[in-house]
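Numbering (our numbering), first residue to last: 220 to 662.
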């Protein structure tokens with residue numbers, strides 16, 4: 220029987236629920252299922268969100284020549300770029316940090332415009348009212364901007380997409396039953412909030428597990444445990460528990476799904492799998508009752524190969540190297556030299572260090588320390604793995620958005636033998652907030 224659709228948008232939703240072989244997860248008396256949101260046409264769970272947010276107004280907005288805009292540096296941006304193009308209009312991604320080069324390349328391929336602002340994170344923080352991203356958001360919510368702003372952090376249609384679709388599909392495919400455990404990674408919180416709403420209608424006793432990235436760690440698409448309360452749609456009461464997963468655990472889980480199950484999910488899928496198995500194992504120890512768990516495979520692995528290669532070169536047949544920021548220890552960090560903004564300005568004047576900005580090129584062009592050079596982190600990391608990227612005769616000051624990554628690189632390069640390398644404490648955000656001068660344009 221032919222399978223024919225009028226539009227690629229008709230393929231969004233109705234994704235498979237796939238059983239994970241118990242020999243893989245190893246939890247006795249447990250059925251574990253993966254909801255394969257990677258099977259949506261643009262490759263992620265955000266296809267549902269993007270279409271549900273854009274669909275009421277996209278046709279009229281396109282007819283008026285309005286551009287679709289979203290504060291996104293990932294899958295929501297990708298889906299909206301395609302939806303906008305299908306309707307004959309354009310899309311702009313606005314973000315503080317775009318840390319995955321493959322995402323930037325894909326957005327540019329799709330014809331998207333990228334505006335990268337200086338700031339602390341790649342996601343909107345409603346509490347930081349003077350952040351450039353927050354100010355941009357306030358401007359967007361005003362009428363008459365000429366944009367269709369989908370507003371994923373506050374738009375109730377984000378969660379509604381998963382009430383009407385994802386959650387109902389899980390219950391349907393479990394023959395009307397509710398799982399005992401639902402595990403979801405927390406990004407905008409739309410999918411976890413929406414699915415939890417449906418599951419609780421069926422069984423108020425379902426346990427909802429929210430998974431976040433470990434403190435100061437980075438897993439694409441997931442908030443850290445410190446950031447989670449900043450999400451506009453986040454409600455603590457949605458979750459029975461919130462647990463953290465490290466980037467290393469997420470990659471290990473991803474490799475298990477790929478190599479043992481043939482599920483080509485990305486690091487977020489690995490994090491969800493690890494969190495679900497860990498919690499189901501703890502529940503099994505508490506009582507031996509038979510249980511069912513469901514987790515979401517948010518997207519596909521292909522867009523994260525650079526991220527994975529940086530952290531696990533062994534997966535690509537490359538020997539591990541000590542010249543990797545991922546090897547930095549607490550002891551290394553204790554020996555790193557940092558300078559606050561005042562001390563850094565004085566040091567720049569007195570010692571004339573090479574000032575290296577590790578942010579992306581868009582953020583650098585929007586505002587940087589005068590005289591600094593731009594080496595985005597993904598390029599800088601490759602240089603470091605190849606050996607010391609600087610001569611020892613000139614001091615170096617490293618800067619990143621908030622000082623965390625630059626401190627780690629300063630610690631690493633100090634360990635590798637550079638005699639005088641320092642990090643800007645608080646990063647470019649602290650420099651800007653102190654009223655220190657910022658230059659614009661690329662260099």
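Ideal placement from N, C-alpha and C gives every residue a C-beta, glycine not left out.
- Your pair residue 525 and residue 332 does not check out as a contact, with CB atoms roughly 22 Å apart and the cut at 8 Å.
- Between residue 470 and residue 489, the C-beta spacing is below 8 Å.
- Note on residue 458: 16 or more other CB atoms within 10 angstroms of its CB, so buried under the neighbour-count rule.
- One Cα belongs to residue 622, the other to residue 645, and the distance between them is close to 5 Å.
- Each of 605, 606 and 628 was checked against the Cα of residue 616, and the nearest Cα belongs to 628.
- Per the DSSP secondary-structure output, residue 368 pairs in a beta bridge with 288.
- Residues of the same chain with a CB within less than 8 Å of the CB of residue 573, apart from the 5 flanking positions on each side, are 592, 609, 613, 614, 615 and 616 in chain order.
- Under the DSSP definition of a beta bridge, residue 252 partners with 238 and 513.
- Annotation: residue 228 to residue 263 spans about 13 Å, alpha carbon to alpha carbon.
- In this chain, residue 647 is not harboured by any beta strand (DSSP E); it is covered by the alpha helix (DSSP H) spanning 646 to 652.
- Contact annotation, residue 419 with residue 432: C-beta distance approximately 26 Å; criterion of less than 8 Å not satisfied.
- Setting aside the 5 residues that flank it on each side, residue 388 is surrounded in the same chain by 232, 233, 234, 236 and 254, each with a C-beta closer than 8 Å to its C-beta; the list follows chain order.
- Put simply, of 589, 373 and 569 the residue whose alpha carbon is nearest the alpha carbon of residue 576 is 589.
- One thing to note: residue 336 has its Cβ no nearer than 8 Å to the Cβ of residue 305.
- DSSP lists 557 and 617 as the beta-bridge partner residues of residue 642.
- Residue 485 sits in coil when the DSSP states are folded into three classes, being neither helix nor strand.
- For the pair residue 634 and residue 545, the Cα-to-Cα distance works out to about 13 Å.
- One thing to note: residue 618 has its Cβ within 8 Å of the Cβ of residue 647.
- Residue state for residue 311 is assigned as strand, using DSSP reduced to three classes.
- In the assembly as shown, residue 297 is a buried residue. Its beta-carbon has 16 or more other beta-carbons within 10 Å.
- DSSP places residue 430 outside any alpha helix (DSSP H); the residue lies instead in the beta strand (DSSP E), whose first and last residues are 426 to 432.
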